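Right, one structure below, let's go through it.
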Amino acid sequence: MTKIKVFKNLDSLKFCLNCEENVSFTIKEKTVSMVINGAEFSYPAKLPYCNECGMEIYAAVLDDENIQKANGIYHELAKGERG
Ligand SMILES: [Zn+2]
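Residue numbers 9 to 91, in the numbering used here, belong to the letters of the sequence shown in order.
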């Protein structure tokens, strides 16, 4: 007999403002446009989406990761423009 134990791991749950409760989520990649120093560019951001209602969930940790990625792309572009 197989016993499946379900752990309520809060790290794998995030608070969805729409559902008003902690929900499981799926990380999806979404192209986000950003403007840094007047230069507009887009980059693939990793965002969590609520499994219940499908809405985007705000996640500070992922945001930091996304901002770092955006900064990296911006510096690459700036280098390219200078030749
Ligand atoms: Zn939700």
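Beta carbons are placed, not taken as given, at the ideal position from N, Cα and C, and that holds for glycine. The model shown is predicted, which means the values in this text are computed figures rather than measured ones.
Asked                                                                                          : Found
Of the residues Cys58, Ala47, Gly46, the one placed nearest Glu28, counting alpha carbons only : Cys58
beta-carbon Asn79 near ligand 1 non-hydrogen atom, thresh 7 Å                                  : no
Beta carbon proximity, Lys77 to chain B, threshold 8 Å                                         : Looking at the structure shown, chain B is missing, and only one protein chain is on hand.
Assigned exposure category for Leu6 - 16 Cβ within 10 Å defines buried                         : Nothing in the structure corresponds to residue 6, since the chain is present only between 9 and 91.
DSSP bridge partner residues for Ile44 (one or two, in chain order)                            : Ala47
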